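Number of protein chains: 2
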Amino acid sequence: MQTKPTSFDIAQLAGVSQPTVSRALRGSTTVSEPTRKRIEAIARQLNYTVDKNASSLRRQTTNTLALLFFEDPTPDESMINPFFLSMLGSITRTCALRGYDLLISFQQMSSNWHVDFEDSRKADGIILLGYGDYELYRARLEALVEQGTHFVRWGFSEEGQPGTTIGCDNFQGGMIAGQHLIAQGRRNIAFLGDATSRYPELRTRYEGLCAAMEGAKITPDQALQVDAITTEQAGFEATQQLIARNVPFDAIFAASDLIAIGAIRALEIHGRSVPEDVAVIGFDDIPAASLAHPPLTTVQQDYRLAGETLVDALLCQIRNQSVSPAMLPAKLIVRKSCGAAQ
Amino acid sequence: MQTKPTSFDIAQLAGVSQPTVSRALRGSTTVSEPTRKRIEAIARQLNYTVDKNASSLRRQTTNTLALLFFEDPTPDESMINPFFLSMLGSITRTCALRGYDLLISFQQMSSNWHVDFEDSRKADGIILLGYGDYELYRARLEALVEQGTHFVRWGFSEEGQPGTTIGCDNFQGGMIAGQHLIAQGRRNIAFLGDATSRYPELRTRYEGLCAAMEGAKITPDQALQVDAITTEQAGFEATQQLIARNVPFDAIFAASDLIAIGAIRALEIHGRSVPEDVAVIGFDDIPAASLAHPPLTTVQQDYRLAGETLVDALLCQIRNQSVSPAMLPAKLIVRKSCGAAQ
DNA sequence: AAGTACACGGCATACGTATTCAGAGAGAAG
DNA sequence: CTTCTCTCTGAATACGTATGCCGTGTACTT
Chain G
1 MQTKPTSFDI AQLAGVSQPT VSRALRGSTT VSEPTRKRIE AIARQLNYTV
51 DKNASSLRRQ TTNTLALLFF EDPTPDESMI NPFFLSMLGS ITRTCALRGY
101 DLLISFQQMS SNWHVDFEDS RKADGIILLG YGDYELYRAR LEALVEQGTH
151 FVRWGFSEEG QPGTTIGCDN FQGGMIAGQH LIAQGRRNIA FLGDATSRYP
201 ELRTRYEGLC AAMEGAKITP DQALQVDAIT TEQAGFEATQ QLIARNVPFD
251 AIFAASDLIA IGAIRALEIH GRSVPEDVAV IGFDDIPAAS LAHPPLTTVQ
301 QDYRLAGETL VDALLCQIRN QSVSPAMLPA KLIVRKSCGA AQ
Chain C
1001 MQTKPTSFDI AQLAGVSQPT VSRALRGSTT VSEPTRKRIE AIARQLNYTV
1051 DKNASSLRRQ TTNTLALLFF EDPTPDESMI NPFFLSMLGS ITRTCALRGY
1101 DLLISFQQMS SNWHVDFEDS RKADGIILLG YGDYELYRAR LEALVEQGTH
1151 FVRWGFSEEG QPGTTIGCDN FQGGMIAGQH LIAQGRRNIA FLGDATSRYP
1201 ELRTRYEGLC AAMEGAKITP DQALQVDAIT TEQAGFEATQ QLIARNVPFD
1251 AIFAASDLIA IGAIRALEIH GRSVPEDVAV IGFDDIPAAS LAHPPLTTVQ
1301 QDYRLAGETL VDALLCQIRN QSVSPAMLPA KLIVRKSCGA AQ
């Protein structure tokens, strides 16, 4: 086996022309049954596979999607938000089912988006994944739209926003978390997570919480909100800040599980027990949530559905079908950290 | 911007021929300085990017690597072993640094390895990642070698094994875990993990443990070894089996962190405290290890170095340079679950 | 028996780039 | 002024596949 067999080789062996081989193997109906069988047999025997480069070049389509993670720089650059990592499995799987290959790449938000997979014809479309400073990359999204690039984004969905966005219902998620805490008798609920417009998803979770509180005639207190990006370290530090403010609180709603886990660590150090002194609820339901101590009550995003929805939305777009943004439901997973009887 | 600019378009605008454009943009020295500048300017202005398909077709090389995960079927098919997930970050990053794109795909061990990326010219080489029944896929590795496919594998490294394997020094890892437990005064050390030849990596960890015990004049007891694949559930069940055997033990060395976490859960249910009654050490140092309760002492595999080594080894192979298998050192991370003073 | 329809498959070509080969022009050496 | 060398660029072509168009031969219609 020196050189890879081509459709010409098969054609010669089968006594037909190269185009016929192509037609036969792609399942065109204009090739007679016996001819096709013969060609298929020879192809199998030669271990023939279509050269994807040639095929893509000819068809101007690659059967490949690209997945782009982007994140705020983290101390360890190879760390990825576990929630997105979970989604990765689902995305890969869906791609495989739909017959697409998947290219993946990590981008620092700050770097230039050099890699434009679709532009260089390595992919038919792009999936964007990552929290991150929204303002920073809105311009880039608009550039993508202008270039006619097919892409979908996971995140916060808003009127007049460039491109198609699939996201979880952050407002509802924040609300059920809040309602649950209130039902446990908590009144002074702190929120850890960026509430500025730079992270609209986190902000929306906060708004959901506030809505729940207002529904129970509780006025949200600005002093109980601390900015934090979605890392454990940020959660730890935010909690220390919160404690230092000396405003009483009996519950924490963290904008992500990582933040929540960091918060629990800080609370422990300061001698506040979870859930007795402070009930804690996270967001995402990453694998580590159930391993935390105490096991973390959290708002679950359905990453399987999410991955599937993203891929399918992108495929629709590639086929020039219209796609509407989708909002997936969030679901409360009750464990021990919120103090509810289970 | 309707249609993607080609090197012909640029040639026309620059008043040169297409080959000159190609030469200029690829940095050939045979293009005069002013001509090159002019071409580069026009290319930038037109937002030109090389068509990777055409380029790959012409050059017969793709500048792309493929990453293949394969695993034993798990209940949730989109779950991935966290250790490999950590490695993913490092692999992606290294690929990016080396100027390669990365294709990724998950394979059930049981399925046919349909996707042969290199065969279909979508990748220049393949990285194989996953524990799994070694016997099952040895034949496939041999097929890959025979086809002349470039690939590297993470795992157990053995004489006369098909292909290049990079792995961690499992024997040493098992040994330092054993020595540490013995130094804590533990004598009856159980091992959770498959010790058959189907999972040579896990087996080697066990052999390391045995060597440590024998070094301390302790005879390993077969009754204290229970087979388990690397999932939490398997660890949980294996521990229940172990307890049911009614043979006293004061330490567990688990072949992976997931197994260890499952074991801790089982021990807790049976009223044995960790580390007082039973010291536990895991393997891998997955992110969840430090979050476990108590935080898990474990043998760390350096996933950053691992990913880098894998990619570089593969690139060497692609360039037809000789590559020798490598064995990376393992390192003990002491946390609370082993009962050592920290 | 002649004409029509259709099934099958070949010919030519396009996709966009990279490389080999050869040739043009300029300058230098004689 | 000729010849040689060297630098730069263009013409031609290959990479392997997919598809539009057209020709051939068979079956079927009337």
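Just so you know, the protein sequences line up as chains G and C, in that order. Going by the numbering used here, the first sequence opens with residue 1, and the numbers climb by one from there. Going by the numbering used here, the second sequence opens with residue 1001, and the numbers climb by one from there. For each residue, glycine too, the CB sits at the ideal point set by N, CA and C. It should be emphasised that the depicted structure is a prediction, and the values quoted were computed from it without experimental measurement.
- Here DSSP, grouped into helix, strand and coil, assigns Cys168 of chain G to strand.
- Residues are counted here when their Cβ sits less than 8 Å from a Cβ of chain C; for the stretch 188-212 of chain G the count is zero.
- In this structure, C:Tyr1303 is the residue among C:Ser1324, C:Gln1321, C:Ile1333, C:Tyr1303 with its C-alpha nearest to the C-alpha of Thr1094 of chain C.
- Less than 8 Å separates the beta-carbon of Ala1254 of chain C from that of Gly1282 of chain C.
- Residue environment analysis places Gly1089 of chain C among the buried positions, since at least 16 neighbouring C-beta atoms fall within 10 angstroms of its C-beta.
- Look at Val145 of chain G here: in three-state DSSP terms it is helix.
- Within the same chain, Cβ atoms closer than 7 Å to the Cβ of His1270 of chain C are found at Ile1243, the five residues on either side in sequence being excluded.
- Taking 8 Å as the cut-off, the Cβ atoms of Leu128 of chain G and Arg153 of chain G count as close.
- Sequence-distant partners of Phe1069 of chain C (beyond 5 residues in either direction) whose C-beta falls short of 8 Å from its own C-beta, in its chain, are Ile1080, Phe1084, Ile1104, Ser1105, Phe1106, Gln1107, Leu1129, Gly1130.
- Distance from the CA of Ser1007 of chain C to the CA of Ser56 of chain G, rounded to the nearest whole angstrom, comes to 18 Å.
- What Thr49 of chain G touches in chain C, judged by beta-carbon distance under 7 Å, is Asp1116, Asp1119, Ser1120, going in chain order.
- Within the stretch 282-313 of chain G, the residues whose Cβ lies closer than 7 Å to some Cβ of chain C are Pro287, Ala288, Leu291, Ala292, His293, Arg304, listed in chain order.
- Listed in chain order, the non-local C-beta contacts of Ser1290 of chain C below 8 Å within the same chain comprise Leu1296, Arg1335, local neighbours out to five positions each way being set aside.
- Not a single C-beta of chain G is nearer than 8 Å to the C-beta of Thr1230 of chain C.
- Listed along chain C are Gly1089, Thr1092, Arg1093, Ala1096, each with a C-beta nearer than 9 Å to that of Phe106 of chain G.
- Identification of chain C residues near Asn81 of chain G by a Cβ-Cβ cut-off of 9 Å yields none; the smallest Cβ-Cβ distance measures about 11 Å.
- Taking 8 Å as the threshold, the shortest C-beta distance from Ile1261 of chain C to chain G falls below it.
- In the three-state scheme derived from DSSP, where H, G and I count as helix and E and B as strand, Gly282 of chain G is classed as strand.
- Between the alpha carbons of Cys1316 of chain C and Ser1322 of chain C lies a distance of about 7 Å.
- One thing to note: Val50 of chain G has its Cβ within 8 Å of the Cβ of Ser1120 of chain C.
- For Gly125 of chain G, the enclosing beta strand (DSSP E) stretches over residues 125-129.
- Among the bridge pairs identified by DSSP, Leu181 of chain G is matched with none.
- Within the stretch 1213-1288 of chain C, the runs of beta strand (DSSP E) that reach at least 3 residues and sit entirely inside it are, in chain order, 1251-1254, 1279-1284.
- Following the DSSP letters along the chain, one finds Thr297 of chain G inside the beta strand (DSSP E) bounded by residues 297-301.
- Contact annotation, Pro82 of chain G with Ile286 of chain G: C-beta distance approximately 4 Å; criterion of less than 8 Å satisfied.
- With respect to the C-alpha of Phe171 of chain G, the residue from G:Pro200, G:Thr165, G:His150, G:Gly160 having the closest C-alpha is G:Pro200.
- For Val1152 of chain C, the uninterrupted beta strand (DSSP E) run begins and ends at 1151-1154, by DSSP.
- Under the 10 Å beta carbon count, Glu268 of chain G is surrounded by fewer than 16 other beta carbons and is classified as exposed.
- The C-beta of Ala1054 of chain C comes closer than 8 Å to at least one C-beta of chain G.
- Here the alpha carbons of Cys168 of chain G and Asn188 of chain G stand approximately 26 Å from one another.
- In the DSSP assignment, Leu291 of chain G falls outside any alpha helix (DSSP H), carrying neither H nor E.
- Closest in alpha carbon position to Arg186 of chain G, among G:Ser197, G:Met213, G:Ala195, is G:Met213.
- For Ser1256 of chain C and Arg140 of chain G, the gap between their C-alpha atoms comes out near 42 Å.
- Check the Cα spacing between Ala1177 of chain C and each of C:Phe1151, C:Tyr1206, C:Val1247: the tightest is with C:Tyr1206.
- At least one CB atom of chain C sits nearer than 8 Å to the CB of Asp101 of chain G.
- Within the stretch 135-162 of chain G, contact with chain C at the beta-carbon level (separation under 9 Å) is assigned to Glu146, Gln147, Gly148.
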